[in-house]
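Below is one structure, written out as structure tokens; comments come after it.
Number of protein chains: 4
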Amino acid sequence: MFFKQFYEDNLSQASYLIGCQRTGEAMIIDPIRDLTKYLKVADKEGFTITKAAETHIHADFASGIRDVANKLNASIYVSDEGKDEFNYKNMPKQTHFVKHQDIIYLGKIKLEVLHTPGHTPESISFLLTDEGGGSSIPMGLFSGDFIFVGDVGRPDLLEKAVNVEGSTKIGAKQMYQSIQFAATLPDYIQIWPGHGAGSPCGKALGSLPTTTLGYEKINNWAFNVKYETSFIETLTLNQPAPPHHFSQMKKINQFGMQMYQPYNVYPSSSNTQTAFDLRSKEAFHGGHMHGTINIPFNKTFINQIGWYLDYDKDIELIGDKSTVQQAIHALQLIGFENVKSYRLPQTNIVTSSIHSSEMTGEEHNVLDVRNDDEWRKGHLKQAIHIPHGKLLNEDIPFDKNDLIYVHCQSGVRSSIAVGILEYKGFTNIVNVRGGYQHLPAFLK
Amino acid sequence: MFFKQFYEDNLSQASYLIGCQRTGEAMIIDPIRDLTKYLKVADKEGFTITKAAETHIHADFASGIRDVANKLNASIYVSDEGKDEFNYKNMPKQTHFVKHQDIIYLGKIKLEVLHTPGHTPESISFLLTDEGGGSSIPMGLFSGDFIFVGDVGRPDLLEKAVNVEGSTKIGAKQMYQSIQFAATLPDYIQIWPGHGAGSPCGKALGSLPTTTLGYEKINNWAFNVKYETSFIETLTLNQPAPPHHFSQMKKINQFGMQMYQPYNVYPSSSNTQTAFDLRSKEAFHGGHMHGTINIPFNKTFINQIGWYLDYDKDIELIGDKSTVQQAIHALQLIGFENVKSYRLPQTNIVTSSIHSSEMTGEEHNVLDVRNDDEWRKGHLKQAIHIPHGKLLNEDIPFDKNDLIYVHCQSGVRSSIAVGILEYKGFTNIVNVRGGYQHLPAFLK
Amino acid sequence: MFFKQFYEDNLSQASYLIGCQRTGEAMIIDPIRDLTKYLKVADKEGFTITKAAETHIHADFASGIRDVANKLNASIYVSDEGKDEFNYKNMPKQTHFVKHQDIIYLGKIKLEVLHTPGHTPESISFLLTDEGGGSSIPMGLFSGDFIFVGDVGRPDLLEKAVNVEGSTKIGAKQMYQSIQFAATLPDYIQIWPGHGAGSPCGKALGSLPTTTLGYEKINNWAFNVKYETSFIETLTLNQPAPPHHFSQMKKINQFGMQMYQPYNVYPSSSNTQTAFDLRSKEAFHGGHMHGTINIPFNKTFINQIGWYLDYDKDIELIGDKSTVQQAIHALQLIGFENVKSYRLPQTNIVTSSIHSSEMTGEEHNVLDVRNDDEWRKGHLKQAIHIPHGKLLNEDIPFDKNDLIYVHCQSGVRSSIAVGILEYKGFTNIVNVRGGYQHLPAFLK
Amino acid sequence: MFFKQFYEDNLSQASYLIGCQRTGEAMIIDPIRDLTKYLKVADKEGFTITKAAETHIHADFASGIRDVANKLNASIYVSDEGKDEFNYKNMPKQTHFVKHQDIIYLGKIKLEVLHTPGHTPESISFLLTDEGGGSSIPMGLFSGDFIFVGDVGRPDLLEKAVNVEGSTKIGAKQMYQSIQFAATLPDYIQIWPGHGAGSPCGKALGSLPTTTLGYEKINNWAFNVKYETSFIETLTLNQPAPPHHFSQMKKINQFGMQMYQPYNVYPSSSNTQTAFDLRSKEAFHGGHMHGTINIPFNKTFINQIGWYLDYDKDIELIGDKSTVQQAIHALQLIGFENVKSYRLPQTNIVTSSIHSSEMTGEEHNVLDVRNDDEWRKGHLKQAIHIPHGKLLNEDIPFDKNDLIYVHCQSGVRSSIAVGILEYKGFTNIVNVRGGYQHLPAFLK
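Quick mapping for you: the protein sequence lines, in order, are chains Y, A, V and H.
Those letters in the first sequence? Residues 37 to 480, by my numbering.
Those letters in the second sequence? Residues 37 to 480, by my numbering.
Those letters in the third sequence? Residues 37 to 480, by my numbering.
Those letters in the fourth sequence? Residues 37 to 480, by my numbering.
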């Protein structure tokens with residue numbers, strides 16, 4: 037049996053290709069839209085991709101399950117569990133809807149469907165047994181957003197991103213039961229999760245690519261909170277606000293969107309779109325175009341820009357062409373295809389800044405752009421609080437010419453805020469470089 | 037002034053980017069559809085592409101002039117000379133139609149339009165003077181398919197590819213006059229032609245990238261045939277048959293087609309398309325899939341495959357993914373976007389072959405796939421003649437089980453023929469490796 | 037904790053980078069000589085590589101452990117177990133020699149050294165506990181060539197490659213004891229092995245990247261043969277002959293060699309080296325240069341070419357420049373740096389061949405180039421047997437002009453043999469394409 | 037005949053590959069050390085490089101002429117003109133020393149050697165006639181550093197870089213005579229120069245890749261100053277100071293150095309080398325490591341860093357690995373191979389800056405780092421003048437804690453100066469962003 041994990045840094049997302057050497061068939065678990073990486077490996081290893089499956093309707097990226105069906109004419113397997121209103125619509129003819137304990141064979145490899153709700157009502161996992169390799173015991177579990185390394189999937193997205201009232205509590209209860217069930221499986225089973233560290237689909241995902249069930253039973257909090265009520269409380273407490281694009285993802289993945297194709301963009305010939313500068317914050321602050329917003333193209337790009345995307349509006353990207361192309365690709369992975377143009381970096385303003393340690397406490401007009409959670413734990417007396425994700429759409433209660441000090445926790449989000457403030461017409465902005473964490477002790 | 041020639045090996049085609057450093061503007065002459073290469077240089081050099089021009093309605097590749105207008109919102113300049121029925125239709129709003137002696141300025145660079153018909157009725161050239169560099173004399177001529185290195189453009193394409201009766205003779209006469217006019221320009225002028233060696237837009241193009249007018253006056257035959265009648269005879273004699281796709285190109289370039297975007301293809305999931313194997317002829321003959329046609333992906337790829345493309349039908353390509361992607365891109369440059377799928381090389385048949393020198397003359401069923409011209413100069417007594425370009429559509433007068441010997445001049449085209457014969461159901465084919473040129477002397 | 041497996045297809049070899057996010061330190065387990073791939077990930081993830089360890093003195097590839105010490109000034113950890121005469125010499129000053137139950141810390145990650153002899157006397161494994169992640173139980177075992185997926189390391193290399201008499205039996209006994217010890221560890225432990233499918237360091241390695249101890253206890257033969265004598269017999273029976281380069285590897289890895297640097301090669305200007313053609317066997321047989329040897333550059337390249345390398349002699353490679361550079365790099369991974377020049381493919385001979393199914397049994401001069409093992413299980417009556425690995429150096433008992441039929445099991449090794457025979461002056465060679473496995477039944 | 041210009045942006049340097057299709061031979065004119073780019077084209081076009089020639093002993097980059105001889109076993113042709121003490125030493129056995137009017141044949145292509153001193157005493161040019169193409173007249177001139185587009189080679193490098201007293205004047209006289217000779221050649225001849233815009237081998241090179249003799253006769257100043265004395269004055273006036281590395285180049289190219297091979301570098305494990313930060317000046321000023329020097333990796337990189345290199349000392353580069361590898365390669369082209377290590381960008385200081393327009397004239401401690409020439413044309417009253425190229429080695433007459441304002445003409449060189457000042461221990465530096473050119477009018 038062939039096994040390979042594909043990890044998409046931009047999404048903190050894992051998908052898998054498994055193959056049966058005896059029949060030359062391969063299968064993708066939780067594919068992203070761009071199938072290139074799977075095909076490259078399948079071609080090299082001599083496999084034909086004949087099947088794909090997904091664990092649930094993803095909320096954080098655009099699924100490629102329909103692409104596999106339509107482009108490769110492969111059979112696809114999706115959950116038939118959960119309520120109909122939350123389930124898959126408009127599926128291609130190659131679709132098989134599967135239920136708890138259904139069996140899928142890929143050559144001599146057996147996958148047993150397990151209904152493991154909690155993250156979402158329809159969530160399933162796939163328990164793999166390598167019969168072709170002579171085994172009669174299961175080897176591992178594709179656990180999707182059910183079990184992660186050190187954590188489990190959050191149950192509140194349906195409520196927070198799609199407004200299904202009461203679904204958080206129901207999901208948390210289901211998760212408790214799903215975990216009790218998983219605890220009955222053998223220790224030696226490998227856990228192949230759907231996400232890693234940095235994913236907003238949980239609170240505290242570990243950065244290891246895989247784990248084992250026995251190890252998680254001992255180390256994962258979810259296996260160690262015995263009472264349902266405590267479990268639910270722990271699970272639902274302090275889940276961060278989901279980025280703005282999650283509701284769009286749910287819609288895309290439930291109802292479908294156009295098939296993925298790459299596209300080229302061209303230099304800007306007008307100036308009307310919101311422009312995002314992909315460079316490092318150092319480069320941005322050393323010199324940028326006034327009114328452009330800095331979202332550095334790194335691992336957190338999607339989670340950051342997700343807050344500011346309107347799927348009905350075009351945007352412009354600023355950076356060298358190669359970075360722009362990578363950013364466009366990353367955006368396509370969340371189904372956003374409206375990058376209208378690009379622009380090479382230009383400099384007409386240098387950010388004014390001071391380091392947090394230079395703050396005196398006498399500053400007026402301090403804007404704190406951290407999350408609610410961070411704000412609650414402590415903040416400057418005189419600060420106004422608007423979480424960075426809401427800056428673009430909310431009113432900012434300063435005068436356009438006020439001297440404004442903007443800070444976050446460590447300096448990343450305030451960088452974004454500087455551009456948004458410029459974009460909205462403020463003219464006298466000071467970035468507090470070190471963030472709240474480096475403020476002098478007497479101010480905290 | 038900035039100047040760069042871009043040479044597209046797959047098309048034997050030259051295009052140009054010029055730029056005025058004083059204003060930061062750049063202009064493309066005779067762009068192809070994929071603008072990537074121009075933008076890469078423009079970005080690097082700090083230019084904005086604000087203009088493009090083309091010398092004539094190309095017959096051998098899909099023009100990118102409309103792409104420049106639509107994607108970059110740049111002004112484009114095309115010929116307003118020649119008869120209306122042969123001229124540009126459906127042009128974008130950014131189009132300027134220019135006539136003999138019109139002037140175009142790119143910053144401080146002056147381009148004078150010269151009407152230089154012959155290759156086609158509307159053909160124009162652009163005479164460049166670098167006023168920004170302090171010059172009042174012209175530096176060079178973008179000559180399109182008027183003057184090449186060592187040759188001039190063929191006048192017969194309109195007649196042969198688009199059936200405009202009598203146009204060859206008219207074009208040849210115009211070419212004579214255009215050359216007489218060019219002869220009056222100064223020797224020091226550089227000639228920047230539209231094609232190089234291997235292009236089917238002329239008979240005998242040199243492989244140098246550029247030349248000078250003074251050098252051509254002495255070395256190019258066209259400046260040295262004094263009488264119009266001899267000139268016309270020399271120009272029109274022995275022009276090879278244009279590849280099949282030329283008529284499609286004229287249509288595309290006169291009336292427009294969709295804007296260029298890259299596209300991905302996926303592994304074959306059915307078997308119904310004509311399949312072209314992109315590997316070397318050695319690899320193909322050492323083992324290939326029965327019934328697939330070998331067009332190696334090298335410089336002559338487009339000229340070879342052009343004979344076999346039907347723009348209304350899908351095809352499949354065989355090769356590793358990277359070569360397939362390059363071939364798809366090359367095909368897009370002639371406006372063909374119907375590659376349906378790809379397939380990795382597979383082997384179920386090894387070509388039978390003998391070397392020409394082993395031929396005895398006693399062979400029955402010899403198929404000669406050379407051009408008419410080559411056939412006329414000498415052929416095997418018992419041979420049947422069908423030029424390779426017609427094999428796919430014409431009847432082949434052998435029985436499916438006959439032992440057939442197939443040869444061309446040097447062994448390249450017979451390689452293609454082997455696959456076509458297999459595709460048509462012949463089962464007993466021998467490739468004559470060395471071609472006609474290596475037959476024993478007593479057989480010729 | 038950060039964890040990443042690096043799999044080197046050319047060596048079927050796995051190495052690992054682990055990192056402690058709390059201190060920013062990273063460590064390589066079983067590094068190859070070229071550190072590029074580790075540094076790329078370390079740079080991206082923000083780690084500094086401060087340590088490396090290796091499990092044993094490798095016999096199949098050139099270790100990079102000294103490179104890590106010398107180039108990165110990192111601490112390195114190697115085994116101090118086993119007899120001194122077989123142990124590490126000439127180690128750099130950054131070396132720590134470790135024994136059973138020694139502890140190495142990388143930040144908050146604990147590695148416990150376990151002496152697990154069998155494959156070699158000094159072999160150690162590293163048992164990892166992620167204390168930084170809050171765990172007090174071990175997570176996984178870097179098992180080197182001790183436990184593989186579905187197999188264990190072969191104990192006979194010291195005897196077969198370096199002529200240490202009696203060491204096979206001793207190793208097999210030690211392996212039995214090491215396995216009994218491993219069986220006492222918990223099921224949930226991940227096994228991170230040193231090799232995967234195709235490696236000649238065992239007989240039957242699985243193609244999965246990792247496994248768990250519990251899964252192996254049930255599915256790996258080594259945990260299921262209870263008696264020492266049966267274990268030893270099973271382990272030592274039918275181990276294939278190690279490729280020729282293994283003895284050189286042992287020497288390099290015990291005593292050291294120069295640090296890795298890339299190098300360029302240039303087109304051939306003479307003709308004196310043995311030349312290896314890197315193309316597919318189809319391309320080679322469709323046309324090659326007489327007397328050159330075909331070792332296709334694919335996953336088995338190193339295992340094949342290893343038989344024919346003399347570390348004191350230069351060789352030449354045939355192929356396009358990019359493939360040549362990859363092959364040079366692969367050869368550097370086994371410490372071979374004598375590629376003198378390259379040559380683009382040229383054709384002056386086409387291989388004669390018949391398919392196995394066309395064999396009649398009447399052929400004289402049949403050369404069987406399979407392994408001893410395959411030969412013993414059955415062969416053609418009239419065949420002469422010389423294993424392919426010995427063809428270059430042994431006398432071949434045919435006349436130079438004899439019509440020779442050469443076959444192997446499936447057609448790959450006979451392809452190599454064709455070139456060697458040509459190289460040695462034979463002129464009339466027929467490759468039996470399908471190999472022994474496709475001979476007509478009545479001949480077997 | 038095949039012809040291709042290779043332009044090395046980092047050196048503003050042109051070299052050439054010409055090939056004769058009739059014999060398959062190719063030749064390089066003025067090769068750089070890394071032959072990769074020539075071989076790539078030769079391989080693709082089917083040529084074997086059998087010859088190379090160079091026009092003179094270069095002062096601005098490390099010649100690859102000896103590499104061609106040693107690696108490709110090709111014949112090389114160098115000047116035997118000029119005084120022996122300034123001429124080639126230690127040449128490989130494949131060397132041919134050529135004199136005025138010697139003839140070199142590459143297949144059917146004729147190169148006539150012309151002695152054209154002025155830039156250096158031994159300078160030669162090669163006049164090409166394409167006899168294989170049927171021409172009996174010359175096509176073009178490889179003019180080296182004799183004739184450029186719009187300029188001629190400077191005659192003062194021998195004096196300024198190698199201290200040969202009086203050689204400037206002699207060179208200028210010779211250049212006058214060489215130009216008079218060139219003026220007698222026909223207008224239609226193409227000029228293929230050794231450098232383009234940005235090269236310090238002349239004052240005002242044009243950015244066009246090639247030109248014609250006729251065009252230069254009219255537009256190039258050197259053909260239009262009739263009297264020798266005026267010519268000498270114009271030629272020698274205001275030639276900028278040659279970068280520091282030029283003297284090293286002369287030595288390398290006269291006496292030879294080791295053959296080029298690529299090399300890898302590794303992350304820094306100590307802190308003792310001078311470190312150059314390759315990022316944009318915006319990124320550097322937005323945040324950098326204190327005491328590192330910013331030389332952005334762009335077209336002027338070599339000309340800037342050349343001032344600060346000591347060929348006996350190691351340096352460190354700061355940037356992402358891919359940029360570092362490119363910078364290492366560029367440095368190898370000037371024979372510098374002492375990059376010891378690299379470091380990813382880190383931030384512990386943000387540059388203080390003001391825009392020139394904010395300067396009041398009241399600032400104390402102003403440091404002007406422009407060239408002598410710029411200083412002479414005007415400067416701030418209170419400014420101290422030290423050209424940027426001397427900052428590293430000269431005493432800077434301020435106290436370490438003084439508030440220092442540093443400016444250049446446009447802001448590029450002051451960026452470099454900031455890092456040097458930090459490196460030397462100054463703690464209170466303000467970068468004047470817009471440079472002298474944007475100072476308020478009342479201050480100039």
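In this text, a Cβ means the ideal position worked out from N, Cα and C, and glycines have one as well.
Partner residues on chain V for H:Gln481, Cβ-Cβ distance less than 9 Å = The first residue shown for chain H is 37 and the last is 480, placing residue 481 of chain H beyond what the model contains.
Where H:Ser305 meets chain V, residues with beta-carbon distance less than 7 Å = As a first step, residue 305 of chain H is located in the fourth sequence; it is residue number 269 there, counting from the start. The contacting residues are Leu108, Asn109.
What residues of chain A sit near Y:Lys357, judged by a beta carbon separation below 9 Å?
-> As a first step, residue 357 of chain Y must be located in the first sequence, where it is residue number 321. Near Y:Lys357 (Cβ distances below 9 Å), the residues of chain A are Thr72, Leu75, Lys76, Asp79.
Quick one: grab the DSSP three-state call for A:Leu164.
-> On the second sequence, residue 164 of chain A is found 128 positions in, with the first residue counted as 1. Strand at A:Leu164.
Among Y:Asp79, Y:Lys40, Y:Glu398, which residue has its Cα nearest to the Cα of A:Pro381?
-> By 1-based counting over the second sequence, the position of residue 381 of chain A is 345. Closest by alpha carbon: Y:Asp79.
Whole alpha helix (DSSP H) runs in the stretch 281-362 of chain V with 4 or more residues, listed along the chain?
-> 282-291, 317-322, 337-341
Is Y:Glu81 closer than 9 Å to Y:Ala62 when the C-beta atoms are compared?
-> Numbered from 1 along the first sequence, position 26 holds the residue referred to as residue 62 of chain Y. Numbered from 1 along the first sequence, position 45 holds the residue referred to as residue 81 of chain Y. Against a cut-off of 9 Å, the Cβ pair of Y:Glu81 and Y:Ala62 comes out as a contact.
Where Y:Gly169 and V:Gly232 are concerned, what is the direct C-alpha to C-alpha distance, given to the nearest angstrom?
-> Sequence index remark: in the first sequence, residue 169 of chain Y carries index 133 (1-based). Sequence index remark: in the third sequence, residue 232 of chain V carries index 196 (1-based). Going from the Cα of Y:Gly169 to the Cα of V:Gly232 covers about 14 Å.
Can you give me the start and stop residues for the alpha helix (DSSP H) that A:Lys107 sits inside?
-> Walking along the second sequence from the start, residue 107 of chain A turns up at place 71. Start and end: 101-108.
Going along the chain, which residues of its own chain have a beta-carbon closer than 8 Å to the beta-carbon of Y:Asn46, five neighbours each way excluded?
-> In the first sequence, counting from the first residue as 1, residue 46 of chain Y sits at position 10. The answer, listed in chain order, is Lys335, Phe337, Ile338, Ala366, Leu369.
Excluding five sequence neighbours on each side, which residues of the same chain lie with their C-beta closer than 6 Å to the C-beta of A:Ser115?
-> The residue given as residue 115 of chain A occupies position 79 in the second sequence. Same-chain partners within the cutoff: Glu158, Ile160.
Give the straight-line distance between the Cα atoms of A:Ile215 and H:Leu273, rounded to the nearest whole angstrom.
-> By 1-based counting over the second sequence, the position of residue 215 of chain A is 179. By 1-based counting over the fourth sequence, the position of residue 273 of chain H is 237. Distance between the alpha carbons of A:Ile215 and H:Leu273: 46 Å.
Pull out every residue of the stretch 372-388 of chain Y whose Cβ sits closer than 7 Å to any Cβ of chain A, in chain order.
-> Leu380
Checking contacts by CB at 9 Å: is H:Thr308 closer than that to chain V?
-> Counted from its first residue, the fourth sequence places residue 308 of chain H at position 272. False, the Cβ-Cβ gap to chain V never drops below 9 Å.
Cβ of A:Thr396 less than 9 Å from any chain H Cβ?
-> Sequence index remark: in the second sequence, residue 396 of chain A carries index 360 (1-based). Closer than 9 Å: no.
Which residue spans inside the stretch 226-282 of chain A form an unbroken alpha helix (DSSP H) run of at least 4?
-> 249-255, 264-272
When the Cα atoms are used, what is the spatial distance from Y:Ser389 to Y:Gln284?
-> Within the first sequence, residue 389 of chain Y is the residue found at index 353, counting from 1. Within the first sequence, residue 284 of chain Y is the residue found at index 248, counting from 1. Computed Cα separation, rounded: 36 Å.
Tell me V:Asn467's beta-bridge partners as DSSP assigns them.
-> One-based indexing of the third sequence puts residue 467 of chain V at position 431. Note: V:Asn467 sits in a beta bridge opposite V:Ser389, V:Val442.
Give the interface partners of Y:Thr84 over in chain A, defined as CB-CB distance under 9 Å, in chain order.
-> Reading the first sequence from its first residue, position 48 is the one you call residue 84 of chain Y. Chain A residues near Y:Thr84: Pro303, Ser305.
Where the alpha helix (DSSP H) containing V:Glu410 begins and where it ends | Sequence index remark: in the third sequence, residue 410 of chain V carries index 374 (1-based). It spans 408-412 - the alpha helix (DSSP H) in which V:Glu410 sits, taken as one unbroken run.
Should V:Gly230 be flagged as near chain Y, meaning a C-beta pair shorter than 9 Å?
-> To locate residue 230 of chain V, count along the third sequence from 1; it is residue 194. Chain Y contact via Cβ: absent.
Cross-chain neighbours of H:Ala319 in chain Y, by beta carbon under 8 Å | In the fourth sequence, counting from the first residue as 1, residue 319 of chain H sits at position 283. Going along chain Y in sequence order, the residues near H:Ala319 (Cβ under 8 Å) are Arg315, Ser316, Glu318, Ala319, Gly322.
Pick from A:Leu194, A:Lys209, A:Ser266, A:Ile225: whose alpha carbon is nearest that of A:Glu252?
-> Taking the second sequence and counting its residues from 1, the one referred to as residue 252 of chain A is at position 216. Taking only the C-alpha atoms, the option nearest A:Glu252 is A:Ile225.
Check whether the Cβ atoms of Y:Ala363 and Y:Ile268 sit closer than 9 Å, and answer yes or no.
-> As a working mapping, residue 363 of chain Y is identified with position 327 in the first sequence. As a working mapping, residue 268 of chain Y is identified with position 232 in the first sequence. No, the pair does not count as a contact, with Cβ atoms beyond the cut-off.
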